[in-house]
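Numbering follows numbering that gives the first Met the number 0, with no gaps: position 307 of the sequence shown is 306.
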Amino acid sequence: MKAVVAQGYGPTDVLKVMDVPMPEVRDDEVRITLQFSGVSQADAMMRKGTPKFARLFLGLSKPKNAIPGTSFAGIIEAVGQNVTQFQVGDAVYGETSVSFGAHAQWLCVKADGLIRKLPANLELENVATLCDGPLTAYNFLTELAHLSSEQSIVINGASGSIGSAAVQIAKSFGAHVTAVCSSANVQWVKSLRADVVVDYQTQDFTQLNTSYDVIFDTVGKRNFAQCKSALKSHGQYLSPVLTLPLLFNMLFSHFFSNKKAKFTPTGLSPIPKLHQQLAAIEILMQNQQLKMNIDRRYSLNDIQAAHEYVDSERKKGVVLLTINP
Numbered sequence: 000m001k002a003v004v005a006q007g008y009g010p011t012d013v014l015k016v017m018d019v020p021m022p023e024v025r026d027d028e029v030r031i032t033l034q035f036s037g038v039s040q041a042d043a044m045m046r047k048g049t050p051k052f053a054r055l056f057l058g059l060s061k062p063k064n065a066i067p068g069t070s071f072a073g074i075i076e077a078v079g080q081n082v083t084q085f086q087v088g089d090a091v092y093g094e095t096s097v098s099f100g101a102h103a104q105w106l107c108v109k110a111d112g113l114i115r116k117l118p119a120n121l122e123l124e125n126v127a128t129l130c131d132g133p134l135t136a137y138n139f140l141t142e143l144a145h146l147s148s149e150q151s152i153v154i155n156g157a158s159g160s161i162g163s164a165a166v167q168i169a170k171s172f173g174a175h176v177t178a179v180c181s182s183a184n185v186q187w188v189k190s191l192r193a194d195v196v197v198d199y200q201t202q203d204f205t206q207l208n209t210s211y212d213v214i215f216d217t218v219g220k221r222n223f224a225q226c227k228s229a230l231k232s233h234g235q236y237l238s239p240v241l242t243l244p245l246l247f248n249m250l251f252s253h254f255f256s257n258k259k260a261k262f263t264p265t266g267l268s269p270i271p272k273l274h275q276q277l278a279a280i281e282i283l284m285q286n287q288q289l290k291m292n293i294d295r296r297y298s299l300n301d302i303q304a305a306h307e308y309v310d311s312e313r314k315k316g317v318v319l320l321t322i323n324p
């Protein structure tokens with residue numbers, strides 16, 4: 000089968016499309032003919048091997064799991080003999096987390112892992128990346144921020160996959176949303192129902208003489224120290240981009256500040272909790288409260304171009320790989 004193989008850490012040319020053996024189905028697994036997978040900022044960071052301390056887990060000199068990609072959607076074409084909850088022909092989507100492997104024509108995953116049947120009235124291409132941006136956004140806003148209608152939130156990087164989902168999810172909770180993005184994306188982010196849209200190229204949201212309950216920096220561009228003055232007492236700074244300074248700020252603020260810096264590894268949450276969150280996200284989509292914007296589509300052979308576009312930081316919503324049309 001064809002698959003993307005990361006031959007090391009570095010620029011986009013470390014990614015090559017190669018012939019690799021098709022995975023064999025174990026008794027507790029299903030094999031999926033993949034139709035779609037996403038390319039996210041997290042995928043780009045893993046390609047680069049950043050932050051470097053992450054290589055302790057991913058592989059020191061090159062990725063231990065050579066086939067990248069975590070989000071997937073496709074059709075089950077084989078089931079293990081112990082699998083009862085799925086059958087051949089089921090349309091499914093999900094996430095492989097640290098096992099990776101989704102940038103390939105076929106993928107085997109455990110049937111009791113993060114894999115779900117396609118909900119009614121939704122399309123595979125629209126759920127293919129639910130476990131990237133929307134699931135991360137939902138987890139941060141519910142498990143860390145406990146966001147409610149009485150709160151105000153800033154979402155920095157509001158045009159990305161996490162940010163655009165966070166804007167819509169926060170609005171579904173009734174929160175007051177200030178979205179921060181570039182000039183080119185202002186009108187699109189306004190269409191996501193943000194209450195205020197700030198163009199970071201002309202304004203600094205931390206200097207607007209406004210304080211917020213939550214600042215969610217989805218792209219890791221504004222650190223806790225820069226945002227602290229814009230937080231209300233007992234406010235929270237959240238970021239899914241884990242760095243050593245963020246780790247220090249989390250520890251320091253936990254003991255010495257009423258304003259907190261927080262992070263959680265969404266993909267390592269218990270599988271039952273992630274299923275509950277995805278069920279809630281599916282309802283938001285079915286109720287038209289959350290819409291996925293597919294900015295660009297690439298074939299598996301164009302994986303380098305897909306990463307180059309993600310690296311440009313210009314994407315609006317998600318970048319989708321079309322694998323087996």
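Backbone N, C-alpha and C fix where the C-beta goes; we use that ideal spot for every residue, glycine too.
None of the values given here were measured: they were computed from a predicted structure.
Would you mind reading off the limits of the alpha helix (DSSP H) that contains residue i?
i: phenylalanine 215; result: Run containing phenylalanine 215: none in the alpha helix (DSSP H); it sits in the beta strand (DSSP E), 211-216.
i: aspartate 194; result: Element bounds for aspartate 194: n/a, residue is neither H nor E.
i: alanine 144; result: No alpha helix (DSSP H) contains alanine 144, which DSSP labels as neither H nor E.
i: valine 126; result: 123-126
i: asparagine 155; result: Where asparagine 155 is concerned, there is no enclosing alpha helix (DSSP H), although the beta strand (DSSP E) it sits in stretches over 151-155.
i: phenylalanine 247; result: 243-255
i: leucine 57; result: 54-57
Excluding sequence positions up to five away, which residues of its chain have a Cβ less than 6 Å from the Cβ of residue i?
i: alanine 136; result: Ile161, Ala164, Ala165, Ile168
i: histidine 175; result: Ser151, Asp194
i: aspartate 26; result: Gly79, Gln80, Asn81
i: threonine 242; result: Pro50
i: aspartate 131; result: Gly37, Ser39, Ser70, Ser160
i: serine 158; result: Cys180, Asn184, Val188, Lys315
What are the start and end residues of the beta strand (DSSP E) that includes residue i?
i: glutamate 94; result: 90-94
i: arginine 115; result: 114-116
Within this structure, are the beta carbons of residue i and residue j separated by less than 8 Å?
i: valine 91; j: lysine 116; result: yes
i: threonine 362; j: serine 96; result: Residue 362 is absent from the model: the chain starts at 0 and stops at 324.
i: valine 185; j: valine 153; result: no
i: valine 218; j: valine 240; result: yes
i: valine 3; j: leucine 299; result: yes
i: leucine 191; j: phenylalanine 172; result: no
i: leucine 273; j: leucine 113; result: yes
i: leucine 237; j: leucine 106; result: no
i: glutamine 86; j: asparagine 323; result: no
i: glutamine 235; j: lysine 220; result: no
i: leucine 245; j: phenylalanine 223; result: yes
i: alanine 77; j: serine 36; result: no
i: asparagine 257; j: histidine 233; result: yes
i: glutamate 23; j: valine 108; result: no
What does a CB cutoff of less than 7 Å around residue i pick up in its chain, not counting 5 residues either side in sequence?
i: tyrosine 308; result: Arg295, Lys314, Val318
i: leucine 250; result: none
i: serine 228; result: Thr205
i: glutamine 84; result: Ala110
i: valine 38; result: Ala305, His306, Val309, Val318, Leu320
i: glycine 138; result: Residue identity differs from the one stated: residue 138 is asparagine in this sequence, not glycine. Here the set comprises Thr263, Thr265, Ser268, Gln276.
Would DSSP call residue i helix, strand or coil?
i: arginine 30; result: strand
i: glutamine 235; result: strand
i: threonine 177; result: strand
i: isoleucine 182; result: Reading off the sequence shown, one finds serine at residue 182, where the question assumed isoleucine. In the structure shown, serine 182 sits in a helix (DSSP, three-state: H, G or I).
i: serine 36; result: strand
i: glycine 162; result: helix
i: aspartate 270; result: First, the amino acid is wrong: residue 270 is isoleucine here, not aspartate. Three-state DSSP puts isoleucine 270 in a helix.
i: phenylalanine 71; result: strand
i: valine 78; result: strand
i: isoleucine 293; result: strand
i: alanine 169; result: helix
i: isoleucine 280; result: helix
i: glutamate 307; result: helix
i: phenylalanine 223; result: helix
i: proline 62; result: coil
i: aspartate 42; result: helix
i: alanine 119; result: coil
i: leucine 129; result: coil
i: phenylalanine 204; result: helix
i: lysine 315; result: coil
i: tyrosine 137; result: helix
i: glutamine 275; result: helix
i: glutamine 86; result: coil
i: valine 240; result: coil
For residue i, which residues in the same chain have their Cβ closer than 8 Å to its Cβ, ignoring the five residues on either side in sequence?
i: glutamine 285; result: Pro118, Ala119, Asn120, Leu121
i: arginine 46; result: Ala5, Tyr8, Gly9, Thr11, Val13, Leu14, Pro67, His306
i: glutamine 34; result: Ala72, Gly73, Ile74, Leu123, Glu124, Ala127, Thr321, Ile322, Asn323, Pro324
i: alanine 65; result: Val4, Ala5, Gln6
i: alanine 279; result: Tyr137
Report the partner residues of residue i according to the DSSP bridge assignment.
i: aspartate 18; result: Lys1
i: phenylalanine 262; result: The partner list for phenylalanine 262 (beta bridge, DSSP) is empty, contrary to what the question assumes.
i: serine 298; result: Thr321
i: lysine 109; result: Glu28
i: leucine 230; result: Tyr211
i: alanine 103; result: Ala2
Within 7 Å: the Cβ of residue i and any heavy atom of the ligand GTP?
i: asparagine 184; result: The ligand GTP is not part of this structure, which contains no ligands at all.
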